[in-house]
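Single-structure report; data block below.
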Amino acid sequence: MEIKYSKEQFEGFTHRFIVKLKVDNDWRNDTNIHLYSNSDSYQNLEDFINEKKSEKVIAFDIFHRATKEQDEMASKLIDETLSGI
Numbered sequence: 001m002e003i004k005y006s007k008e009q010f011e012g013f014t015h016r017f018i019v020k021l022k023v024d025n026d027w028r029n030d031t032n033i034h035l036y037s038n039s040d041s042y043q044n045l046e047d048f049i050n051e052k053k054s055e056k057v058i059a060f061d062i063f064h065r066a067t068k069e070q071d072e073m074a075s076k077l078i079d080e081t082l083s084g085i
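The following block contains the structure:
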């Protein structure tokens, strides 16, 4: 199976990662991106980011990983909670 990464959801994705990209020493310039993948491997994602990142990115941190099912259940809980308001 070929490992795929995308900023958008795609057919067959199994995990969503949130990655913080650091471009300088000012935390206000950090950017969080959501990456969707059909792999749960932190190491594979680190390798992919190291290969694809621009020279502006001085560091990155993968600080969240969720399965597609976890995201769907969280969305359902939020929807149910908000519908009672």
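Take UniProt numbering: the final residue in the sequence shown is number 85, and no numbers are missing along the way.
Cβ coordinates follow ideal geometry from the N, Cα and C atoms, glycine included.
In this text, all values refer to a predicted model and were calculated from it rather than measured experimentally.
For the beta strand (DSSP E) holding F17, just list the boundary residues, first then last. The residue you call residue 17 lines up with position 17 of the sequence shown. Counting along the chain, the beta strand (DSSP E) containing F17 begins and ends at H15 to K22.
Among T81, K20, A66 and K56, which residue has its Cα nearest to the Cα of S39? Counted from its first residue, the sequence shown places residue 39 at position 39. Comparing Cα-Cα distances from S39 to each of T81, K20, A66 and K56, the minimum goes to A66.
Classify N50 as helix, strand or coil using the three-state DSSP reduction. What you label residue 50 is simply residue 50 of the sequence shown in a count that begins at 1. Three-state DSSP puts N50 in a helix.
Does DSSP put N44 in a helix, in a strand, or in coil? Walking along the sequence shown from the start, residue 44 turns up at place 44. In this structure, N44 counts as helix in the three-state DSSP scheme.
Among D47, M1, Y36 and V57, which residue has its Cα nearest to the Cα of E69? On the sequence shown, position 69 is the one that residue 69 refers to. Closest option to E69, Cα to Cα, is Y36.
Relative to the alpha-carbon of N25, which residue among H64, F60, S75 and E80 has its alpha-carbon at the smallest distance? In the sequence shown, the residue the question calls residue 25 occupies position 25. Measuring from the Cα of N25, the nearest candidate turns out to be F60.
Only counting the same chain, and skipping five residues up and downstream in sequence, which positions put a Cβ closer than 8 Å to that of I58? In the sequence shown, the residue the question calls residue 58 occupies position 58. K22, V23 and D24, listed in sequence order.
CB contact check: H34 to chain C, cutoff 9 Å: Note that chain C does not occur in the displayed structure, where there is just one protein chain.
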